[in-house]
Amino acid sequence: METDKNLIGTLILDAGPIISNTTLPKAIRYLTTPHVFGELKDEAARLRLLSLTEGRLEQRQPSATSLAFVRQFAQKTGDAEVLSVPDMGVIALAYEMECELNRGDWRLRREPGQARINGKPPVKEALEESQSAAIMAEDTSVAGSKNDAPATLVAQEEDAAASQNTEAEAEAEAEAEAEAEAEAEAEAEAEAEAEAEAEAEAEADDDDDGWITPSNIKKVQAQDAAADTTEETRPMKVACASHDFALQNVLLQIGLNLVSGNGSRIRQVKTYVLRCHACFHITRKMSLRFCPSCGGATLMRTSTSVDASGKRQIHLKRNMQWNNRGTVYAIPAQQHGTANMKGRENMILRADQREVEKIEKANRYRKEVDLLDDDYLPSIVSGRRDTGGHGIKVGHGKRNINSNRRR
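Here UniProt numbering is used: the first residue of the sequence shown is 1, the next is one more, and so on.
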């Protein structure tokens, strides 16, 4: 079987690329977990998966040790709450295959944000151990020869003196050669700098330098493609394909390979979090309305990215201005006893108010439906349409209370 330079050794598949019916990257071996394969309820989807993998799809259950490591790592990154059991199994299977094919986790990370990988390749460590053993053997052999031959000390001293003379001559010759090489390198650098300055002057005279024109667009595209494929053409023993952002985040922070549908390696993942503008707390629960740390309604949707080194970066606006809509005037006082019940209910501003607990309790009661109740009628029969609108209204809501009303 002929192997392509972009070919992946073992590709771990998640349910996302399979369900979306995208073209899978080329690989020698395809692996998935029984949970992921069980999510494919449609027989046509399973047949399509077998055709895309050319019948080389295998199912494997990750070990308990790998699952425990992934679960602990995801808890430290904050993704354990949004990762399901099949997602944990996919990451654990990728981690297990990486350790199995690379003989350990030397190229991975054990902690989120770890600056360096765990260790060195096993081949280099074996070479260093063999070299140190050889040096120790030479030292012991030299010490043994000195103890066994005390009568030949005079001859050894004469040989040492002669060898010192020859070494001094060799050092003098080496210094002369080094000086000559240094002079030659200096002359070559001077010539290269002169040529670079001449080229820079010639390019400065060109008015089209730096611009992409119809005449040079093919050349620019070829240069960009050659620059981008230097890292992409490296073969990968183990890689994982997934569309889940939390799963991709954990994969990159561990140090596992992540690929897209066309086989190109993904080195950076951009996701969204909620960041409190008051206390700077960050949470991944996008359904929250109040900050879980300070309780204020100051959560803002912020983009964040994770690179291949596992470093997380929060992307903030340079000139951020908090929206002061509806806060120009003070909150109006309550007016009890009016016909339209104006000002009867307190305005919701914090998470610890009674009104918040009351609304959440009503929403939970509304969702609890007893299907065995004799008086229960489905919405299609009763005509009831729940189109939302049961959420918590924070402050004045979306309407600007300070704007003039239409007459």
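Glycine residues also receive a C-beta, built at the ideal position from the N, C-alpha and C atoms.
Distance, residue j Cα to residue i Cα
i: ALA45; j: SER20; result: 10 Å
i: THR214; j: VAL269; result: The question names Thr, but residue 214 in the sequence shown is Pro. C-alpha separation (whole angstroms): 34 Å.
i: GLU232; j: HIS277; result: With a pLDDT of only 49 at GLU232, under the threshold of 50, the placement of this residue in the model should not be trusted, and no figure is reported.
i: GLN223; j: LYS26; result: 25 Å
i: VAL273; j: SER287; result: 11 Å
i: ASP42; j: ARG48; result: 10 Å
i: GLU39; j: TYR30; result: 17 Å
i: GLN114; j: ASP105; result: 14 Å
i: ARG267; j: MET236; result: 14 Å
i: THR304; j: PRO112; result: 15 Å
i: LYS317; j: MET300; result: 12 Å
i: ILE28; j: ASN216; result: 39 Å
i: CYS240; j: GLY326; result: 48 Å
i: LEU52; j: LEU83; result: 26 Å
i: GLN59; j: ASN323; result: 52 Å
i: ARG103; j: THR65; result: 16 Å
Minimum C-alpha distance to residue i - residue among the options
i: MET320; options: LYS311, TYR95 and THR302; result: THR302
i: ASP79; options: ARG325, LEU40, ASN324 and GLN253; result: GLN253
i: ILE331; options: LEU349, LEU108 and ALA362; result: LEU349
i: LYS120; options: LEU108, GLN114 and PRO112; result: LEU108
i: ARG56; options: ALA64, ARG71, THR32 and THR65; result: THR32
i: ILE392; options: ASP307, SER260 and ALA351; result: ALA351
i: ILE8; options: LEU93, ARG234, ASP307 and GLY89; result: ARG234
i: SER309; options: ILE117, HIS396, THR65 and HIS243; result: ILE117
i: ARG110; options: ASN216, GLU54, LEU83 and VAL250; result: VAL250
i: SER63; options: CYS99, ASN324, ARG325 and ILE28; result: CYS99
i: THR271; options: GLY295, TRP322, GLU58 and ILE282; result: ILE282
i: LEU50; options: LEU24, TRP322, ARG399 and ARG71; result: LEU24
i: LYS76; options: ARG312, ARG399 and GLY296; result: ARG312
i: GLN353; options: GLY295, GLY263, ARG71 and VAL70; result: GLY295
i: ASP244; options: GLY263, LYS218, MET88 and TYR365; result: MET88
i: ALA297; options: VAL70, GLY395 and SER242; result: GLY395
Environment of residue i [buried if 16+ CB atoms lie within 10 Å]
i: LEU11; result: buried
i: VAL220; result: exposed
i: PHE73; result: buried
i: LEU256; result: buried
i: ILE212; result: exposed
i: PHE290; result: buried
i: GLU329; result: In the sequence as displayed, the identity of residue 329 is Tyr instead of Glu. Exposed, since its Cβ has fewer than 16 Cβ neighbours within 10 Å.
i: GLU96; result: buried
i: ASP307; result: exposed
i: CYS279; result: exposed
i: SER293; result: exposed
i: ALA94; result: buried
i: GLY397; result: exposed
i: SER145; result: Here SER145 scores only 49 on pLDDT, less than 50, and its place in the model is too uncertain to base an answer on.
Nearest-angstrom Cβ-Cβ length linking residue i and residue j, presumed shorter than 8 Å
i: residue 408; j: VAL36; result: Residue 408 lies beyond the range of the chain shown here (1 to 407); nothing can be said about it.
i: PRO34; j: GLN61; result: 6 Å
i: ARG275; j: ILE314; result: 7 Å
i: ILE91; j: LEU247; result: 6 Å
i: VAL259; j: LEU101; result: Not confirmed; about 16 Å, so no contact.
i: GLU355; j: ASN346; result: 6 Å
Residue i (DSSP reduced to helix, strand or coil)
i: LEU247; result: helix
i: THR327; result: coil
i: GLY391; result: coil
i: GLU355; result: helix
i: ASP307; result: strand
i: VAL259; result: strand
i: ARG312; result: strand
i: CYS276; result: strand
i: GLN114; result: coil
i: ILE18; result: helix
i: ILE212; result: coil
i: VAL142; result: Note that VAL142 scores a pLDDT of 47, beneath 50, so its modelled location is shaky; the value from the coordinates is reported in the next line. VAL142 falls in the helix class under three-state DSSP.
i: ARG301; result: strand
i: ASP207; result: Bear in mind that the predicted position of ASP207 carries a pLDDT of just 45, short of 50, making it too unreliable to give a figure here.
i: THR33; result: coil
i: SER84; result: coil
i: GLU98; result: helix
i: GLN59; result: strand
i: LYS270; result: strand
Any non-hydrogen atom of the ligand SAH closer than 7 Å to residue i Cβ
i: THR53; result: Among the components modelled here there is no ligand, and therefore nothing to report on the ligand SAH.
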